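J.: In the numbering used here, the protein residues as written are 7 to 374.
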Amino acid sequence: MTTTVPVTGGDFRPYDVVAGRGLLTELGARVAPLARGRTVVITDETVATLHGPAALKALEDAGVRARLLTVPAGEGSKSFAELERVLDRMLAFGLDRSDIVVALGGGVVGDLAGLAAALYMRGIDFVQVPTTLLAQVDSSVGGKTAIDTPRGKNLVGAFHQPRLVLADIDVLATLPERQLRSGWAEVLKHGLICDAAFFDWLAGEGASGAKGDPAALQRAVVRSVEIKSAVVGEDEKEAGKRALLNLGHTFGHAIEAELGFDEDSLTHGEAVALGCAMAFRYSAAQGLCPQADADRVEAVTAAAGLPVSLAEVGQFGAEALIRRMAGDKKAEGGRLTLILARAIGDAFTDKNVDPAGLTAFLKAEGAT
Ligand code: GLY
7 MTTTVPVTGG DFRPYDVVAG RGLLTELGAR VAPLARGRTV VITDETVATL HGPAALKALE
67 DAGVRARLLT VPAGEGSKSF AELERVLDRM LAFGLDRSDI VVALGGGVVG DLAGLAAALY
127 MRGIDFVQVP TTLLAQVDSS VGGKTAIDTP RGKNLVGAFH QPRLVLADID VLATLPERQL
187 RSGWAEVLKH GLICDAAFFD WLAGEGASGA KGDPAALQRA VVRSVEIKSA VVGEDEKEAG
247 KRALLNLGHT FGHAIEAELG FDEDSLTHGE AVALGCAMAF RYSAAQGLCP QADADRVEAV
307 TAAAGLPVSL AEVGQFGAEA LIRRMAGDKK AEGGRLTLIL ARAIGDAFTD KNVDPAGLTA
367 FLKAEGAT
């Protein structure tokens, strides 16, 4: 059974996120009404091997002329050089403004293909077909597209909403376990932000999703997308509420940056999991949130096989972490901003975090 979650409410054209099993075989039928002529399917080398032939067949069976455009797997493809290469190949293929781009892959492919679509001839449509759990529950929804520069991640980009998102639960079966767990961190995050009952389910019956159970995964994807779409509908450009989706990301990003964004040491999802545990512990230490909630976040996150303490991932200096956090692009005017919590399911933004208090907290967490 498929579930359709509409993304509406903003100044953008509404679109659907469709989640279900076997959706890749329906790609052609679902894209054909949107693609008047041709499409390029932008993907990476790993996903091209796993799902490229099925995607092309589905499109061609539905009468859509399609070409696969493959980039190297990994964050390195979110670069000016790869963006230029992709745009040049789209031009060489002769795509025009009525054609459509399909992003088939994880967050890297979605971000790069989405930005290419945003720029190509001042903007053409694109469809997201996320193949990682992280992309299904987060990056494919909401229209953030970007590349990295040597000065930082996601610093050059555009808001460009997709026409459609197809989240095929079956493709998650090919994900390495570590990648699945990493996506689970973003699922847990959605419960922590605003849905305590969802978090309860993820901690109990739904926990099988982190191990690949398709029914639990589908429910987790659908609820995550419902939460994200409601936030994006209210605040597409992150003027306020959307910042809540960054729960765990300011701590997590600083830790990732200190580790040189080395995904072998720490994946983005693992960094978010650790960041969420730290945000709850910090909230409890400030007397904002019950300690029992912070303890529960830690226990549920650890039970999903995700890191919850700095000591598990490396050695860090408190000052270095604070510098990274103040330099985070979410920080305003150098002020430290953190997403904190009053309870599980009740996150809020604190734009005036006290650096001295945060330094003391990080030292108590094991930073030097
Ligand atoms: N990943 C956070 C957002 O889309 O706003």
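Beta carbons: idealized from backbone N, C-alpha and C, even for Gly. Quantities reported herein were computed from a predicted structural model and do not represent experimental measurements.
1. Does the distance from the C-beta atom of ALA141 to that of VAL23 stay below 8 Å?
2. Who does LEU74 pair with in a DSSP beta bridge?
3. Would you kindly report the start and end of the unbroken alpha helix (DSSP H) that includes VAL114?
4. Quick one, which of GLU262, THR155, SER146, ASP94 has its alpha-carbon nearest TYR126's?
5. Under the rule that 16 or more other beta-carbon atoms within 10 Å means buried, what is ALA362, buried or exposed?
6. Could you check which residue in ILE350, LEU56, ASP50, SER214 has the C-alpha nearest to that of LEU30?
7. Give a single yes or no on whether ARG27 has its beta carbon closer than 7 Å to a heavy atom of the ligand GLY.
8. Can you tell me whether ALA308 is helix, strand or coil according to DSSP?
9. Would you mind listing the alpha helix (DSSP H) stretches within the region 198 to 285 that are 4+ residues and don't spill past its ends, in chain order?
10. Start and end of the beta strand (DSSP E) containing LEU161?
11. For ARG184, does the three-state DSSP call read helix, strand or coil?
12. For GLN321, count neighbouring C-beta atoms within 10 Å of its own C-beta (all shown protein chains included) and say buried if the count is 16 or more, exposed if not.
13. Is the beta carbon of SER145 within less than 7 Å of some heavy atom of the ligand GLY?
14. Straight-line CA distance for GLY372 to ALA317?
15. Among ARG329, PRO156, GLU240, which has the Cα closest to the Cα of THR365?
16. Which residues share a DSSP beta bridge with ASP131?
17. Just to check my reading of the structure: GLY406 and VAL114 have Cβ atoms closer than 8 Å, yes? What is that Cβ distance to the nearest angstrom?
18. Could you compute how far the alpha carbon of LEU65 sits from the alpha carbon of VAL107?
19. Helix, strand or coil for PRO12 per DSSP?
20. Just to confirm, does GLU325 get its C-beta within under 7 Å of one of the non-hydrogen atoms of the ligand NAP?
21. For LEU344 versus THR256, is the C-beta spacing smaller than 8 Å?
22. For SER214, which option in SER230, ILE199, LEU186 has the closest C-alpha, if you only look at C-alpha atoms?
23. What residue does the beta strand (DSSP E) around LEU170 start on, and which one ends it?
24. Taking DSSP as the reference, what is the three-state secondary structure of ASP386?
25. Is it buried or exposed for GLN167, if we count other Cβ within 10 angstroms and need 16 for buried?
26. How far does the beta strand (DSSP E) with VAL355 in it extend, from its first residue to its last?
T.: A quick look at the data gives this:
1. If you number the sequence shown from 1, residue 141 lands on position 135. If you number the sequence shown from 1, residue 23 lands on position 17. Going by C-beta atoms, ALA141 is not nearer than 8 Å to VAL23.
2. Start at 1 with the first residue of the sequence shown, and residue 74 comes out as number 68. Answer is VAL47.
3. Your numbering for residue 114 matches position 108 in the sequence shown. Taken as a continuous stretch (DSSP letters only), the alpha helix (DSSP H) holding VAL114 covers 113 to 125.
4. Within the sequence shown, residue 126 is the residue found at index 120, counting from 1. Minimum Cα distance to TYR126 is reached at ASP94.
5. On the sequence shown, position 356 is the one that residue 362 refers to. Label assigned to ALA362: exposed.
6. On the sequence shown, residue 30 is found 24 positions in, with the first residue counted as 1. Of the candidates ILE350, LEU56, ASP50, SER214, the one whose C-alpha sits nearest the C-alpha of LEU30 is LEU56.
7. To locate residue 27, count along the sequence shown from 1; it is residue 21. It does not: the Cβ of ARG27 is nowhere closer than 7 Å to a heavy atom of the ligand GLY.
8. In the sequence shown, the residue the question calls residue 308 occupies position 302. DSSP places ALA308 in helix when its eight states are reduced to three.
9. 202 to 209, 220 to 240, 255 to 264
10. The residue you call residue 161 lines up with position 155 of the sequence shown. Taken as a continuous stretch (DSSP letters only), the beta strand (DSSP E) holding LEU161 covers 158 to 165.
11. Against the sequence shown, residue 184 aligns to sequence position 178. ARG184: helix per DSSP, three-state reduction.
12. If you number the sequence shown from 1, residue 321 lands on position 315. That one is exposed.
13. Indexing the sequence shown from 1 puts residue 145 at position 139. Yes, since a heavy atom of the ligand GLY falls inside the 7 Å radius drawn around the Cβ of SER145.
14. Position 366 of the sequence shown, counted from the first residue, corresponds to residue 372. Position 311 of the sequence shown, counted from the first residue, corresponds to residue 317. Between GLY372 and ALA317, the C-alpha separation is close to 7 Å.
15. The sequence position of residue 365 within the sequence shown is 359, counting from 1. Comparing Cα positions, the closest option is ARG329.
16. As a first step, residue 131 is located in the sequence shown; it is residue number 125 there, counting from the start. DSSP output for ASP131 lists ILE106 as bridge partner(s).
17. The structure shown has nothing for residue 406, since the chain only spans 7 to 374.
18. Mapped onto the sequence shown, residue 65 falls at position 59. Mapped onto the sequence shown, residue 107 falls at position 101. Distance between the alpha carbons of LEU65 and VAL107: 12 Å.
19. Position 6 of the sequence shown holds residue 12. Strand at PRO12.
20. By its list of ligands, the structure shown excludes the ligand NAP, since it contains just the ligand GLY.
21. As a working mapping, residue 344 is identified with position 338 in the sequence shown. As a working mapping, residue 256 is identified with position 250 in the sequence shown. It is a contact, given that the beta carbons lie within the stated cut-off.
22. Residue mapping note: residue 214 aligns to position 208 of the sequence shown, counting from 1. It is LEU186 whose Cα lies nearest to the Cα of SER214.
23. Numbered from its first residue, the sequence shown carries residue 170 at position 164. Residues 170 to 174.
24. Nothing can be reported for residue 386, as the shown portion of the chain is limited to 7 through 374.
25. Sequence index remark: in the sequence shown, residue 167 carries index 161 (1-based). With 16 or more other Cβ atoms within 10 Å, it is buried.
26. Counting from 1 along the sequence shown, the entry for residue 355 is found at position 349. Residue 355 is actually Thr in this sequence, not Val. THR355 -> beta strand (DSSP E) spans 352 to 356.
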